[in-house]
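S.K.: In this note's numbering, the protein residues as written are 542 to 888.
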């Protein structure tokens with residue numbers, strides 16, 4: 542299987558000027574991307590995650606040709622994005638979070654007609670792709686609504702459709718489920734799975750919703766301070782980071798902390814209790830045990846925040862709030878993975 546995305550030691554350095562006195566300004570360099578190397582085979586769906594300011598958007602902007610790398614080698618579908626941006630545009634689709642590619646005052650239908658002209662999509666192919674997107678993303682009632690009148694979630698679905706009308710080989714998605722309700726999120730995820738399965742579209746997904754990654758991607762890459770610190774399966778990420786999910790339990794009355802094997806009670810407020818358990822573990826046995834032993838009214842499962850996963854991975858001796866915890870380097874009784882948390886690739 543050939544690699545459709547190739548990065549070798551890619552860097553991006555920005556020069557920032559700031560006032561250092563009444564008449565003097567000082568310059569400093571900010572290394573947004575610091576020697577990243579990775580490959581993405583054709584047809585793979587990859588999660589590209591990290592805390593805010595880690596360098597995710599900068600990487601995607603270099604992959605699309607919007608930014609020129611300061612160093613290293615970068616190719617997408619065999620094309621240097623910064624040198625042949627127009628040629629590359631016909632082979633990629635992009636959805637940049639809260640920045641729409643649609644025309645603000647036009648209804649969706651007219652925006653899609655303009656996309657067809659821009660990419661010179663044959664009429665029959667355009668109609669087939671649009672009909673499929675409209676059906677799977679539930680856009681039928683929105684086609685004649687001006688983009689400015691759409692909710693954030695509706696516009697996101699509209700943007701995803703626009704990015705796929707020309708059948709791109711590579712699709713970059715930045716927070717594709719932001720602002721969507723549970724039902725809409727499920728539709729978008731199902732749509733992306735179908736596009737990937739039927740057309741072999743390569744997808745690079747950035748998100749703060751771990752459920753997006755879990756349901757769509759077998760591989761995840763973590764970037765922090767411009768460096769790739771993890772590249773592998775999601776289960777491995779949870780194992781390295783020791784991340785936890787939270788079972789929120791509502792009981793009929795106030796009781797002592799719930800005692801269930803495999804979980805620990807981290808907070809109690811009246812009849813509501815919060816139980817932490819390993820993110821890689823199934824919640825089903827815990828739910829069954831709580832329902833069997835306690836007067837249960839309601840419960841829900843909360844996924845760990847990406848920032849918490851990253852914090853636990855990079856600083857295994859601290860919890861997400863910064864409190865000292867077990868340190869696998871100093872406590873021989875703790876099985877840790879600090880040694881696996883390091884920059885991936887040459888730097």
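We treat Cβ as the ideally placed atom computed from N, Cα and C, and that holds for glycine. From a predicted model like this one, the values you see are computed outputs, not experimental measurements.
Could I get the ranges of all uninterrupted alpha helix (DSSP H) runs contained in the stretch 740-807, with 4 residues as the minimum, in chain order?
M.R.: 751-757 and 775-782, all fully within the stretch 740-807.
S.K.: Would you list the one or two residues that DSSP bridges to residue 713?
M.R.: Paired residue(s): 635 and 745.
S.K.: Threshold first: 3 residues or longer. Then list the beta strand (DSSP E) segments lying entirely within the stretch 585-633, N to C.
M.R.: If we require 3 residues or more, the beta strand (DSSP E) runs fully inside the stretch 585-633 come out as 586-590 and 612-617.
S.K.: Exposed or buried, which one is residue 657 when buried takes at least 16 other CB atoms within 10 Å?
M.R.: Buried, by the Cβ-count rule.
S.K.: Closest to residue 722 by CA distance: which of 693, 745, 546 and 844 is it?
M.R.: The residue with the shortest Cα to Cα distance from residue 722 is 693.
S.K.: Look up residue 561 in the DSSP assignment and say whether it is helix, strand or coil.
M.R.: Reduced to three states, the DSSP call for residue 561 is coil.
S.K.: When the Cα atoms are used, what is the spatial distance from residue 512 to residue 708?
M.R.: With the chain represented from 542 up to 888, any question about residue 512 goes unanswered, as that position is not in the structure.
S.K.: Name the DSSP bridge partner or partners of residue 840?
M.R.: Residue 840 is bridged to 790.
S.K.: Assign residue 828 to one of three DSSP states: helix, strand, or coil.
M.R.: In the structure shown, residue 828 sits in a helix (DSSP, three-state: H, G or I).
S.K.: For the alpha helix (DSSP H) holding residue 576, just list the boundary residues, first then last.
M.R.: Premise fails: residue 576 lies in the beta strand (DSSP E), 566-582, not in any alpha helix (DSSP H).
S.K.: Do you know whose CA, among 819, 850, 759 and 545, lies nearest residue 583's CA?
M.R.: Taking only the C-alpha atoms, the option nearest residue 583 is 545.
S.K.: Contact between the stretch 572-579 and the stretch 643-651: three or more CB pairs below 8 Å?
M.R.: Too few Cβ pairs lie closer than 8 Å, so no.
S.K.: Between residue 783 and residue 854, what straight-line distance do the alpha-carbon atoms span, to the nearest angstrom?
M.R.: Roughly 7 Å between the two C-alpha positions.
S.K.: By a C-beta neighbour count over all protein chains shown, 10 Å radius and 16 as the cutoff for buried, is residue 785 buried or exposed?
M.R.: It is buried - the Cβ of residue 785 has at least 16 other Cβ atoms within 10 Å.
S.K.: Go ahead and pull the three-state DSSP assignment for residue 676.
M.R.: Residue 676: helix per DSSP, three-state reduction.
S.K.: Report yes if the C-beta distance between residue 715 and residue 637 is below 7 Å; otherwise report no.
M.R.: Yes. Within cutoff.
S.K.: When you compare each of 691, 633 and 706 to residue 669 by their alpha carbons, which one comes out closest?
M.R.: Among 691, 633 and 706, the Cα nearest to that of residue 669 is on 706.
S.K.: Do you know how far the Cα of residue 792 is from the Cα of residue 687?
M.R.: When rounded, the distance between both Cα atoms is 47 Å.
S.K.: Residues in its own chain within less than 6 Å of residue 713 by CB, not counting five upstream and five downstream?
M.R.: Here the set comprises 601, 635 and 745.
S.K.: If residue 956 and residue 698 are in contact, beta carbons under 8 Å, what's the gap, nearest whole angstrom?
M.R.: The chain is shown from 542 up to 888; residue 956 falls before or after that span and cannot be answered.
S.K.: On the three-pair Cβ rule with 8 Å, is the stretch 761-769 touching the stretch 794-802?
M.R.: No, the stretch 761-769 is not in contact with the stretch 794-802.
S.K.: How is residue 817 classed by DSSP in three states: helix, strand or coil?
M.R.: Looking at residue 817 - three-state DSSP - the assignment turns out to be strand.
S.K.: Can you tell me whether residue 696 is helix, strand or coil according to DSSP?
M.R.: Helix.
S.K.: So, is residue 555 buried or exposed, given that buried needs 16 or more other C-beta atoms within 10 angstroms?
M.R.: Burial call: exposed.
S.K.: Do residue 800 and the ligand SAM come close, with the Cβ less than 6 Å from some heavy atom?
M.R.: The ligand SAM is not among the ligands present in this structure, which contains no ligands whatsoever.
S.K.: Between 739, 732 and 595, which has its C-alpha nearest residue 753's C-alpha?
M.R.: For residue 753, the nearest C-alpha among the options comes from 732.
S.K.: When we look at the beta-carbon of residue 836 and count the other beta-carbons within 10 Å, is it buried (16 or more) or exposed?
M.R.: Counting Cβ neighbours within 10 Å, residue 836 comes out exposed, since fewer than 16 surround it.
S.K.: Look at the alpha carbon of residue 662 and the alpha carbon of residue 581, and state the distance between them as a whole number of angstroms.
M.R.: Answer to the nearest angstrom: the Cα atoms are 27 Å apart.
S.K.: So, for residue 558: in the same chain, excluding its five sequence neighbours on each side, which residues have a beta-carbon less than 6 Å away from its beta-carbon?
M.R.: 566 and 568, listed in sequence order.
S.K.: Return the first residue and the last residue of the alpha helix (DSSP H) that residue 640 is part of.
M.R.: Premise fails: residue 640 is in no alpha helix (DSSP H) and is neither H nor E.
S.K.: Is residue 562 buried or exposed, if buried means 16 or more other CB atoms sit within 10 Å of its CB?
M.R.: With fewer than 16 other Cβ atoms within 10 Å, it is exposed.
S.K.: Per DSSP, residue 549 forms a beta bridge with which residues?
M.R.: For residue 549, which the question treats as bridged, DSSP gives the partners 614.
S.K.: Just curious, the alpha helix (DSSP H) that residue 649 is in, first and last residue?
M.R.: Its alpha helix (DSSP H) spans residues 649-660.
S.K.: Hey, would you say residue 703 sits closer than 7 Å to residue 678, going by beta carbons?
M.R.: It is not a contact, given that the beta carbons lie outside the stated cut-off.
S.K.: Would you identify the three-state DSSP class for residue 846, choosing helix, strand or coil?
M.R.: Three-state DSSP puts residue 846 in coil, outside helix and strand.
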